[in-house]
Amino acid sequence: MRTLTLAAFLATASLAAQAAEPRHFTDHRALGAEAKLSVRNLAGTIEVEGWDKAEFDLAAQLGESAEKIEISGSAGDLKVEVKNRKGNYSYSNGDTYLKLRVPAGVALSLDGTSSDIVVRGIKGALIARSVSGDVDLAIGSKTITVQTVSGDVRLDAPAAKETRLNTVSGDTDVKGAAGTLSAESVSGDVEVEGGTFTQLDLKSVSGDIGVHAGFAAEARVKAESLSGDVRVNAPASLSAEVSLKTFSGDKNCDFDGAREAADSKRTVLKIGEGRGQFSLTSFSGDVTLDKQ
Amino acid sequence: MKQEVEQSEGRLPVLDALARERLPARDLWVGIEARISTPQAVASRPSQWRAYALAASVSVAVLAGVLLREQSPADPRASGMPELTVAALPAEPSTAQTPYSHVEGMARSSAALSARSLRTLRSESLDNAPAMVAERADGSSGLLKATYSAAGIGRNSHSQQAILRANLKLVSQAEREVRRALRSDPESASLQGLLKVAEDKRAVLTSLLVHEPD
Chain H
13 MRTLTLAAFL ATASLAAQAA EPRHFTDHRA LGAEAKLSVR NLAGTIEVEG
63 WDKAEFDLAA QLGESAEKIE ISGSAGDLKV EVKNRKGNYS YSNGDTYLKL
113 RVPAGVALSL DGTSSDIVVR GIKGALIARS VSGDVDLAIG SKTITVQTVS
163 GDVRLDAPAA KETRLNTVSG DTDVKGAAGT LSAESVSGDV EVEGGTFTQL
213 DLKSVSGDIG VHAGFAAEAR VKAESLSGDV RVNAPASLSA EVSLKTFSGD
263 KNCDFDGARE AADSKRTVLK IGEGRGQFSL TSFSGDVTLD KQ
Chain E
298 MKQEVEQSEG RLPVLDALAR ERLPARDLWV GIEARISTPQ AVASRPSQWR
348 AYALAASVSV AVLAGVLLRE QSPADPRASG MPELTVAALP AEPSTAQTPY
398 SHVEGMARSS AALSARSLRT LRSESLDNAP AMVAERADGS SGLLKATYSA
448 AGIGRNSHSQ QAILRANLKL VSQAEREVRR ALRSDPESAS LQGLLKVAED
498 KRAVLTSLLV HEPD
């Protein structure tokens, strides 16, 4: 009897050990230097790194929920998708980790529901979407689109010319971008520390908005919040017509300029030649334009 | 009466003549004192409770007043307050009291409440989303669709549903706050833009949730 019990115990332990052992998956193939690549992973991490080879390299560790990794398409348009098991199961470790190395020039489309997305060294256009995963990008792309629900967005993109960032409750933190940038959030904070912008359109219903950047001569800057504070830190050489508006907050401006209009809610100033257009608005938060 | 006194006084020598050894064996004063003092203590309690009740009533009344004041709409017209017009306000904000100071103060406190409640809701909503990112176990085969306009993120993603619902609640609250602010400043393009942001996000979240089974 004891022998039988011991045998059953060892068999069970062996099976459990096999089940808990992580499953690995690798793939290596040719991929065009400016190919399209889309990656989907429900839960875990999507990590992409650009390199100077026209090759695709994938190393994955599959979570218990993952059935397989499906790779389809061609060297010009490749798709990677983590296929999950069907059924209402719960797993102690359902996360699948994907680490991809791809040509720096590929155009990336990354979808994760609760996956974190991390991208480094990519120069092609990038679209990243996640519900609760964070998105962390340090890239050389010119066109960037990021959408999350509660995930935070961190973007370091010195070459960015057209950037669109969208969250519901996630915070947005941008460094080094330039050109055109729009960022929307409901309750997330939006922080922008950038190069030289030609157009900024920042909205957050209840989050704070902060900008520390340079601006092109005829830059159009709009930063709006309902209850958050809006603060723009601009170069002393700023030339713009500036509107500061708040219903119940405070208005602050470091710059001397000709006052073109003023009442309790709105102040319009012409700073320098007034070439740019700045509109900083908060319903109940403070609105500040200060010098760098 | 005078006679009674005299009679009483006349008895005193008789009383004094009584034997001292007839005194009670125990000190009766302790019991007497207890009986005298107890009713006084009982009598004092109702007055203390009355004081507590009065203090509590005043506190409740003050709290209710504060809450009602804070919850009143930013638009003073809606609360029957004098209409606040831009022209009526001083050119620059001033600390000096004006006839509209209390209205401004009310609008500020209302707006501040909005900000506070929205921020609180943000953290509470997400705090209440069970498991959230840490518990990402999910057996579904569905993935976030190619665009947010596509519906459904997959089956059995309870933590994701909780996150989506928490965010939907947040967005609905934000929408209400913007609409309330719009009553004070109906022409504000900024507020209209923020309302559109909230409406768009609500549509996105609803579309993501619409095919999610409970």
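First to last, the sequence lines map onto chains H and E. In this text, residue positions in the first sequence follow our numbering: the first is 13, and each later residue adds one. In this text, residue positions in the second sequence follow our numbering: the first is 298, and each later residue adds one. For each residue, glycine too, the CB sits at the ideal point set by N, CA and C. Treat the numbers as computed from the prediction; the structure is a model and nothing was measured.
- For E/Leu502, the enclosing alpha helix (DSSP H) stretches over residues 486-506.
- Its Cα nearest to that of H/Lys95, the residue H/Glu79 stands out among H/Asp107, H/Thr192, H/Ala87, H/Glu79.
- In this chain, the alpha helix (DSSP H) harbouring E/Lys466 covers 455-481.
- Below the 9 angstroms Cβ cutoff, chain E contributes no neighbours of H/Glu203, its closest Cβ being approximately 16 angstroms away.
- Two segments are said to touch when three or more pairs of C-beta atoms, one from each, lie closer than 8 angstroms; by this definition the segment 220-230 of chain H does not touch the segment 253-272 of chain H.
- Contacts between E/Gln457 and chain H, judged by CB atoms closer than 8 angstroms, involve Thr125, Ser126, Val143, Ser144 in chain order.
- Counting only the Cα atoms, H/Thr160 lies some 22 angstroms from E/Val475.
- Non-local beta-carbon contacts of H/Ile151 in its own chain, meaning distances under 6 angstroms to residues more than five positions away in sequence, involve Val131, Ile134, Ala169 in chain order.
- With respect to chain E, the C-beta atom of H/Thr57 has no partner C-beta closer than 8 angstroms.
- The alpha-carbon of H/Asp268 is positioned some 35 angstroms away from that of H/Val165.
- The bridge partners DSSP lists for H/Val186 are H/Leu167, H/Val204.
- At the C-beta level, H/Asp39 and H/Leu70 come within 8 angstroms of one another.
- Its chain contains Leu54, Ala55, Ser142, Val143, Ser144, Gly145 as the residues whose beta carbon lies nearer than 8 angstroms to that of H/Thr125, once the 5 sequence neighbours on both sides are disregarded; these appear in chain order.
- Taking a beta-carbon distance threshold of 8 angstroms, E/Glu474 counts as an interface residue toward chain H.
- When 8 angstroms is used as the limit between beta carbons, H/Lys215 is near these residues of chain E: Gly490, Leu491, Val494, in chain order.
- Contact annotation: H/Val118 and H/Ala47 have beta-carbon atoms nearer than 8 angstroms.
- Residues of chain E with a Cβ closer than 8 angstroms to the Cβ of H/Glu236 are, in chain order, Ser487, Gly490, Leu491.
- When Cβ-Cβ separations below 8 angstroms define contact, E/Leu351 makes no contact with chain H.
- For H/Ala228, the three-state secondary structure derived from DSSP is strand.
- For the segment 146-169 of chain H, the beta-carbon criterion of a distance under 7 angstroms to any beta-carbon of chain E is satisfied by Gln159, Val161, Ser162.
- Chain order gives no chain H residues near E/Ser469, where near means a beta carbon separation below 7 angstroms; the closest approach is about 10 angstroms.
- CA-CA distance, H/Leu292 to H/Phe68, rounds to 45 angstroms.
- Shown here, H/Ser291 sits in a strand according to DSSP, grouped into three states.
- Contact annotation for E/Lys498 against chain H: Val180, Val198 [CB-CB distance below 7 angstroms, chain order].
- Per the C-alpha coordinates, the member of H/Lys282, H/Val198, H/Asn105, H/Gly207 positioned closest to H/Thr184 is H/Val198.
- Rounded to whole angstroms, the separation of the alpha carbons of H/Asp148 and H/Gly75 is 22 angstroms.
- Taking a contact to require three or more Cβ pairs closer than 8 angstroms, the segment 201-214 of chain H and the segment 228-240 of chain H qualify as touching.
- At a beta-carbon threshold of 7 angstroms, none of the residues of chain H lie near E/Leu506; the nearest stands roughly 11 angstroms away.
- H/Ala72: member of the beta strand (DSSP E) spanning 67-74, first to last residue.
- Bridge pairing for H/Ala119: H/Lys48 [DSSP].
- Judged by DSSP secondary structure, H/Val280 falls within the beta strand (DSSP E) whose first and last residues are 278-283.
- Under a criterion of Cβ atoms nearer than 9 angstroms, no residue of chain E is adjacent to H/Ser84; the nearest Cβ is some 14 angstroms distant.
- According to the DSSP assignment, H/Phe37 belongs to the beta strand (DSSP E) that extends over 35-42.
- At the C-beta level, H/Leu167 and H/Val114 stay beyond 8 angstroms of one another.
- E/Ser481 belongs to the set of residues whose beta carbon lies under 8 angstroms from a beta carbon in chain H.
- H/Ser162 is positioned such that its CB atom lies closer than 8 angstroms to that of H/Ser181.
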